[in-house]
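Right, one structure below, let's go through it.
In my numbering, the protein residues as written are 89 to 270.
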């Protein structure tokens with residue numbers, strides 16, 4: 089079984105006003121826990137990147153100035169994602185931006201934040217950084233899409249290991265089915 093791990097970086101939090109500036113995705117084999125293919129690109133947002141976003145991500149106007157637009161990469165991204173389930177941390181955020189850019193993604197979705205709520209009850213926050221820290225996996229550095237994808241994959245497998253230790257009779261397909269949403 090395979091899944092697409094996905095993350096985007098944006099100019100802000102609102103898909104109706106803000107723009108995607110980077111997309112990272114990886115095709116993950118759930119049985120071997122290995123990444124089999126990667127997709128990574130800057131996106132030209134057509135607007136200046138706010139300084140607060142550059143400070144958070146390290147992505148500058150110079151990085152995105154000659155990058156393709158969403159229209160340019162839409163077909164390639166859809167071809168990469170195919171019909172695989174899509175996994176991410178707070179994946180609804182990423183999907184909302186992709187959909188606001190004309191990508192209709194009816195793929196089944198798995199949110200690692202939901203698994204974190206089950207595996208680590210009562211955490212003070214469920215951000216990827218805090219969840220990684222709770223799991224003893226320090227993940228310092230700037231937010232970059234493919235780096236966050238790889239960190240999220242590692243976190244997801246650790247969360248699933250914790251979940252299975254508590255619920256040894258369940259199969260991976262059971263927990264994924266419980267967490268998936270169309």
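Idealized CB from N, CA, C, for every residue including glycine.
How would you write the range of the beta strand (DSSP E) that residue i sits in, first residue to last?
{"i": "residue 130", "result": "122-130"}
{"i": "residue 110", "result": "108-117"}
{"i": "residue 97", "result": "90-98"}
Tell me the rounded alpha-carbon separation between residue i and residue j.
{"i": "residue 188", "j": "residue 207", "result": "32 Å"}
{"i": "residue 174", "j": "residue 113", "result": "9 Å"}
{"i": "residue 139", "j": "residue 158", "result": "22 Å"}
{"i": "residue 126", "j": "residue 95", "result": "12 Å"}
{"i": "residue 161", "j": "residue 104", "result": "19 Å"}
{"i": "residue 107", "j": "residue 97", "result": "9 Å"}
{"i": "residue 171", "j": "residue 186", "result": "15 Å"}
{"i": "residue 134", "j": "residue 195", "result": "28 Å"}
{"i": "residue 281", "j": "residue 129", "result": "The structure shown does not extend to residue 281, since the chain is modelled only from 89 through 270, so no value can be given for it."}
{"i": "residue 219", "j": "residue 210", "result": "11 Å"}
{"i": "residue 199", "j": "residue 93", "result": "10 Å"}
Helix, strand or coil: which one does DSSP assign to residue i?
{"i": "residue 223", "result": "coil"}
{"i": "residue 155", "result": "coil"}
{"i": "residue 101", "result": "coil"}
Over what stretch of residues does the alpha helix (DSSP H) that includes residue i continue unbroken?
{"i": "residue 142", "result": "139-145"}
{"i": "residue 242", "result": "233-254"}
How about residue i: is its Cβ closer than 7 Å to a heavy atom in the ligand NAD?
{"i": "residue 117", "result": "This structure does not include the ligand NAD; it has no bound ligands of any sort."}
Worksheet item: At what residue ranges does the stretch 172-220 contain a whole run of the alpha helix (DSSP H), taking only runs of 4 or more?
Response: You should have 179-188, 200-207.
Discussion item. For the stretch 244-253 against the stretch 180-187, do three or more pairs of beta-carbon atoms, one drawn from each stretch, fall closer than 8 Å, so that the two count as touching?
Written reply: Judged by Cβ distances under 8 Å, the stretch 244-253 makes no contact with the stretch 180-187, as fewer than three pairs qualify.
Practice prompt. Answer yes if the stretch 117-125 comes into contact with the stretch 142-158, meaning at least three C-beta pairs across the two stretches below 8 Å, and no otherwise.
Written response: Counting Cβ pairs under 8 Å, fewer than three are found: no touch.
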